[in-house]
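Asks: What follows is a single structure, and I will ask about it in a moment.
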Amino acid sequence: MANPCTAEGSRSMAWMHLNCVVEREERLEESVEEGIRKRSRLIITEQIGTADRADEQRVAGQHARGLLRFAHDDRDVLRCVSRRMQDLEGDITKCDCFAVPRLVKWKFEVRSRTGDDLRADCRERSCAGDEIRVCVRLDRVHDLELIPFGRLNEHVDVSAGIDHGRLPRAIAGDYVGVLRQAFVREPLKHEVRCRSGSIIAPTLIITPLLVAIVIACGMLAGGLGALLGIGGGVFLVPFLNSVVGVPIKIAIATSLMTVIATSSAVSAGTAGRNLINLRLGMLLEVASAAGGLTAGITFQHLSERTLYISFATVTALIALLMVTRIDRRNVLDASIDPGTLGGRYFDDESGREIVYRVKRLPVALVVSTVAGLISGALGIGGGILKVPMLIAWCGVPLRAAAATSALMIGVTAVASVPIQYAHGYIQPPLAAAAVLGVLAGSRAGLWFGGRAKARSVKILMAVVLALVSAVYFMKIA
Amino acid sequence: MTTSPDSLSVLERRLGRLFVAGLSVSAAFLITGLVLYLASPGTGAGAWPLSVGLMILMATPLLRVVVSTIEYVRMREWFFVLTTLAVLAELSITMIYALLQR
Numbered sequence: 000m001a002n003p004c005t006a007e008g009s010r011s012m013a014w015m016h017l018n019c020v021v022e023r024e025e026r027l028e029e030s031v032e033e034g035i036r037k038r039s040r041l042i043i044t045e046q047i048g049t050a051d052r053a054d055e056q057r058v059a060g061q062h063a064r065g066l067l068r069f070a071h072d073d074r075d076v077l078r079c080v081s082r083r084m085q086d087l088e089g090d091i092t093k094c095d096c097f098a099v100p101r102l103v104k105w106k107f108e109v110r111s112r113t114g115d116d117l118r119a120d121c122r123e124r125s126c127a128g129d130e131i132r133v134c135v136r137l138d139r140v141h142d143l144e145l146i147p148f149g150r151l152n153e154h155v156d157v158s159a160g161i162d163h164g165r166l167p168r169a170i171a172g173d174y175v176g177v178l179r180q181a182f183v184r185e186p187l188k189h190e191v192r193c194r195s196g197s198i199i200a201p202t203l204i205i206t207p208l209l210v211a212i213v214i215a216c217g218m219l220a221g222g223l224g225a226l227l228g229i230g231g232g233v234f235l236v237p238f239l240n241s242v243v244g245v246p247i248k249i250a251i252a253t254s255l256m257t258v259i260a261t262s263s264a265v266s267a268g269t270a271g272r273n274l275i276n277l278r279l280g281m282l283l284e285v286a287s288a289a290g291g292l293t294a295g296i297t298f299q300h301l302s303e304r305t306l307y308i309s310f311a312t313v314t315a316l317i318a319l320l321m322v323t324r325i326d327r328r329n330v331l332d333a334s335i336d337p338g339t340l341g342g343r344y345f346d347d348e349s350g351r352e353i354v355y356r357v358k359r360l361p362v363a364l365v366v367s368t369v370a371g372l373i374s375g376a377l378g379i380g381g382g383i384l385k386v387p388m389l390i391a392w393c394g395v396p397l398r399a400a401a402a403t404s405a406l407m408i409g410v411t412a413v414a415s416v417p418i419q420y421a422h423g424y425i426q427p428p429l430a431a432a433a434v435l436g437v438l439a440g441s442r443a444g445l446w447f448g449g450r451a452k453a454r455s456v457k458i459l460m461a462v463v464l465a466l467v468s469a470v471y472f473m474k475i476a
Numbered sequence: 000m001t002t003s004p005d006s007l008s009v010l011e012r013r014l015g016r017l018f019v020a021g022l023s024v025s026a027a028f029l030i031t032g033l034v035l036y037l038a039s040p041g042t043g044a045g046a047w048p049l050s051v052g053l054m055i056l057m058a059t060p061l062l063r064v065v066v067s068t069i070e071y072v073r074m075r076e077w078f079f080v081l082t083t084l085a086v087l088a089e090l091s092i093t094m095i096y097a098l099l100q101r
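Residue numbers (numbering that gives the first Met the number 0), protein chains in the order written: chain A, 0 to 476; chain B, 0 to 101.
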C-alpha cells in the first residue's frame, strides 16, 4: 500500500530540483545576454517569465505578435517558426518585442493514490518561459540610420534560434537530445517593411557643437570644391563618415545637397567671364543626369562595402590621372576658330585670351554618364571625373573645365538627390549646416581659384584624392 | 548655331543672377530653420523652413535648365533646345519617382 504522502514528497522534490535549475539558469541568462549584446547589432529578445498557464496566456495576449509556438512534436518546430515569421511581415520595427508563448509536452511521473504502481504520464503543460530564449537577428538592416518619413522596404535575413542549453534541462532529461537536434538556427528570408514615421535605428543627435563642426567642414570642403571645380563632396563624405560618425548613406546624401550649393555658388561667381561652356555643359548634362537618375534609383540597394570600395578606387584612379597630366596645357592659338562646342576666355594667370576646341565628344558623353552614376552613388559630385576628363581627353583648359563642370554637377546631383530625400537619407538640420558651410567656403575657393597657378591646383587635387583614397582603402581593410 | 558669343554671355549672366537669387532665398530659409531647430531641440521647430530651404536649393538647377530652354528657343538653337528638353525630362522622371517613394 503506497503512502499518499510519498507522492506529494516526490512532486515537491521535483519542483525543488527545477528551482535549482532556474537559479542556475538566471546566471546563465546574464552571461548569454552579455554575449549577445556584444555579438550582434540588433537583436530582439523576449522571454516568458512564468510557469503558470494562466500567466502565460496573459503574457501571450499582451504580445499579440507572438513569434514562436512550440509543439510537442519537435519536428514541427521549424515549420512553426517559418509560419509565424511570415505572419510578422509588415510589423517588425525596432521597438517590437517578440513574445514566445509555448506549450511543451512535459513528461513527469504521477504516483496513483489508489494503486501501488508507478506510471508515466505525459501532459501538455506550460513551461517556465525564462527557460527559453529566442533571438531574432535582423542582419543587413541600415543600422544607425534614420527613416524620418517615407517608406523603406528592406529584405533582411531573420534568424530564429533557441538557447538550447536552457530548455532541455528545464523539461525532462529524455528530451534533451531530441530538442538539441530540432532547435537549430535557421536563417529565414524575410521582408521588413518600415512604415511611415518609423525609425529603425537611433537618430543622430544634432547639437550646436556638431552643427559648428559640420559648418567648418563644409567651409573647407566648399573652398576646395570651388577651387578645383569638383564640388566639396569628395572631402565632405569622408569627414562626415569617418570623423563625425554619420552613416555613409546619410553622409553621401548630405554631400550631394552641398554639391548643388557649390554648383550654384561657383556658377554664380564665374558667370559673365566666359569660363562656363554652356553648350558643352548642357550636352554632357544629358548623359550625366541619366547616370545620376540611375544611381538615385539603385542607391538604396548598394551595400556600404560596395560604396567604400567604389569611393577608394575612383579617387585613386583620378589622382593618378591628374598626376600624369600636370604639365599638359590645352591651349590653342588665339586666331583659331573654337568651333560650336569650343570656347574662348581671358586668362588672368597668363594675361592673354585662351582658345580651345572640344575633342572626343563621344568619350566625354560616356565619361559623363559614369560621372553621373558615381555622383549619385557616392555623393562626390561628377566633377571629380569630368574635370580630369575634359582636361586630359577633350582638350578643355583647366579653368574652363572647372567652371563648366561646376555648372553641370548641380543638375547631376538634382537627378538623384530628391530620391534619396524621399528615402529619408537627408537629415535637414545636418544638410542645412553642411550647405551653409559650403556656401561660405566656396566664395573663398573662388577667390583663390582666380589667383592660384593651374599646376599647383592639379597637384593639390591629386594629393587630396590620394589621401582620401588611402583612408577608404584602410576602412575596407 | 548662329548665336554670337555675346548672346551666350548674356545667358550666362542671367543664369548667374538666377543662382544668386536661389541661393540667397535658400540660405535665408536654412539659417532660420537651423536657428529654430537649435533654439528648441526635439520640438520639431524649424522643420518646415529647413525643408523649404532644401527644396529651393534643389529647384535652382532645375530652374536653370528651364531658363536655358527658353533662351535657346529665343536664339533658335534647336539642337540645344532638344538637349535641354532631354535634361528636363530626366529631372522630371527623378521628381516623379521621388514622389512615388514617399
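We treat Cβ as the ideally placed atom computed from N, Cα and C, and that holds for glycine. Just so we're clear, the structure is a prediction, and the values are computed from it rather than from any experiment.
#1: By DSSP, does tyrosine 71/B sit in helix, in strand, or in coil?
#2: Entirely within the stretch 3 to 66 of chain B and at least 4 residues each: give me those alpha helix (DSSP H) ranges in chain order.
#3: To the nearest whole angstrom, what separates the beta carbons of alanine 494/A and valine 437/A, a pair I think is in contact under 8 Å?
#4: Could you give the DSSP three-state label for leucine 406/A: helix, strand or coil?
#5: Please name the residue in Tyr36/B, Val65/B and Met74/B whose C-alpha comes closest to that of leucine 17/B.
#6: Answer yes or no: does any C-beta atom of chain A fall closer than 8 Å to that of leucine 14/B?
#7: Taking leucine 53/B as the reference, which of Ala461/A, Ala421/A, Leu466/A and Ile475/A has the closest Cα?
#8: When you compare the CB of asparagine 273/A with every CB in chain B, is at least one pair closer than 8 Å?
#9: Would you mind reading off the limits of the alpha helix (DSSP H) that contains arginine 304/A?
#10: Of all the residues that make up the stretch 407 to 420 of chain A, which are near chain B by a beta-carbon distance shorter than 8 Å?
#11: Closer than 8 Å, Cβ to any Cβ of chain A: which residues of the stretch 28 to 52 of chain B, in chain order?
#12: Cβ of leucine 62/B less than 8 Å from any chain A Cβ?
#13: Where does tyrosine 471/A sit, in a helix, a strand or coil, going by DSSP?
#14: Buried or exposed: phenylalanine 238/A, going by 16 or more other Cβ atoms within 10 Å of its Cβ?
#15: For a cutoff of 8 Å on Cβ pairs, would you count alanine 267/A as touching chain B?
#16: Let me confirm a value: threonine 269/A is counted as buried when at least 16 other C-beta atoms fall within 10 Å, else exposed. Which label applies?
#17: So what does DSSP say about tyrosine 424/A, is it helix, strand or coil?
#18: Mind pulling the chain A residues with CB within less than 7 Å of valine 102/B?
#19: Answer yes or no: does any C-beta atom of chain B fall closer than 8 Å to that of alanine 200/A?
#20: So for arginine 272/A, helix, strand or coil by DSSP?
#21: At a Cβ threshold of 8 Å, is valine 72/B touching chain A?
#22: In chain A, which residues lie less than 8 Å from valine 86/B when you measure between Cβ atoms?
#23: Grouping DSSP H, G and I as helix and E and B as strand, with all else coil, what is glycine 342/A?
#24: Report back the beta-carbon spacing between threonine 314/A and valine 467/A to the nearest angstrom; my notes put them in contact at under 8 Å.
#25: Rank Ile205/A, Ile214/A, Leu235/A and Val213/A by C-alpha distance to the C-alpha of leucine 377/A and give the top, closest one.
#26: With 8 Å as the threshold, decide whether the Cβ of serine 91/B is near any Cβ in chain A.
#27: How should isoleucine 95/B be labelled, buried or exposed, when 16 other C-beta atoms within 10 angstroms of its C-beta is the threshold for buried?
#28: Would you call the stretch 316 to 324 of chain A in contact with the stretch 386 to 395 of chain A, where contact means no fewer than 3 C-beta pairs closer than 8 Å?
#29: DSSP state of arginine 351/A, grouped into three classes?
#30: For glycine 244/A, tell me which candidate among Leu277/A, Val357/A and Leu209/A has the shortest Cα-Cα distance.
Replies: Looking at the coordinates:
#1: On the second sequence, position 72 is the one that residue 71/B refers to. Helix at tyrosine 71/B.
#2: 4 to 38
#3: The question about residue 494/A has no answer here: the residues shown for chain A are numbered 0 through 476.
#4: If you number the first sequence from 1, residue 406/A lands on position 407. Reduced to three states, the DSSP call for leucine 406/A is helix.
#5: Locating residue 17/B in the second sequence gives position 18, where the first residue counts as 1. Here the closest residue by C-alpha is Val65/B.
#6: Indexing the second sequence from 1 puts residue 14/B at position 15. Yes, leucine 14/B lies at the interface with chain A (some Cβ there is under 8 Å from its Cβ).
#7: Sequence index remark: in the second sequence, residue 53/B carries index 54 (1-based). Minimum Cα distance to leucine 53/B is reached at Ala421/A.
#8: Within the first sequence, numbered from 1, the residue matching residue 273/A stands at position 274. Answer yes: the Cβ-Cβ gap between asparagine 273/A and chain B drops below 8 Å somewhere.
#9: Mapped onto the first sequence, residue 304/A falls at position 305. Counting along the chain, the alpha helix (DSSP H) containing arginine 304/A begins and ends at 303 to 323.
#10: Result list: Gly409, Val410, Ala412, Val413, Ala414, Ser415, Val416, Pro417, Ile418 and Tyr420.
#11: Hits within the stretch, in order: Leu29, Ile30, Gly32, Leu33, Tyr36, Leu37, Pro40, Gly45, Ala46, Leu49, Ser50 and Gly52.
#12: Here the question's residue 62/B lines up with position 63 in the second sequence. Among the CB atoms of chain A, none fall inside 8 Å of the CB of leucine 62/B.
#13: Taking the first residue of the first sequence as position 1, residue 471/A is located at position 472. In the structure shown, the three-state DSSP call for tyrosine 471/A is helix.
#14: Walking along the first sequence from the start, residue 238/A turns up at place 239. With 16 or more Cβ atoms within 10 Å of its Cβ, phenylalanine 238/A is classed as buried.
#15: Here residue 267/A corresponds to residue number 268 of the first sequence, with the count starting at 1. Answer yes: the Cβ-Cβ gap between alanine 267/A and chain B drops below 8 Å somewhere.
#16: As a first step, residue 269/A is located in the first sequence; it is residue number 270 there, counting from the start. That one is buried.
#17: As a first step, residue 424/A is located in the first sequence; it is residue number 425 there, counting from the start. In this structure, tyrosine 424/A counts as coil in the three-state DSSP scheme.
#18: Outside the displayed range of chain B (0 to 101) lies residue 102/B, so it cannot be described from this structure.
#19: Indexing the first sequence from 1 puts residue 200/A at position 201. Note that alanine 200/A scores 35 on pLDDT, short of 50, meaning its location in the model is unreliable; the coordinates nonetheless yield the value given after this. With 8 Å as the cut-off, alanine 200/A does not count as an interface residue toward chain B.
#20: Your numbering for residue 272/A matches position 273 in the first sequence. Reduced to three states, the DSSP call for arginine 272/A is coil.
#21: On the second sequence, residue 72/B is found 73 positions in, with the first residue counted as 1. With 8 Å as the cut-off, valine 72/B does not count as an interface residue toward chain A.
#22: Taking the second sequence and counting its residues from 1, the one referred to as residue 86/B is at position 87. Residues of chain A passing the Cβ test: Met281, Glu284, Val285, Ala288 and Val410.
#23: Counting from 1 along the first sequence, the entry for residue 342/A is found at position 343. Three-state DSSP puts glycine 342/A in a strand.
#24: Walking along the first sequence from the start, residue 314/A turns up at place 315. Walking along the first sequence from the start, residue 467/A turns up at place 468. Indeed they touch by this definition, with Cβ atoms about 5 Å apart.
#25: Along the first sequence, one-based indexing puts residue 377/A at 378. Out of Ile205/A, Ile214/A, Leu235/A and Val213/A, Leu235/A has the C-alpha closest to the C-alpha of leucine 377/A.
#26: Position 92 of the second sequence, counted from the first residue, corresponds to residue 91/B. Using a Cβ-Cβ cut-off of 8 Å, serine 91/B does not count as an interface residue toward chain A, since no Cβ of chain A sits closer than that to its own.
#27: To locate residue 95/B, count along the second sequence from 1; it is residue 96. Under this definition isoleucine 95/B is an exposed residue.
#28: yes
#29: Walking along the first sequence from the start, residue 351/A turns up at place 352. Strand at arginine 351/A.
#30: For the purposes of this step, residue 244/A is taken as the residue at position 245 of the first sequence. For the residues Leu277/A, Val357/A and Leu209/A, the minimum Cα distance to glycine 244/A belongs to Leu209/A.
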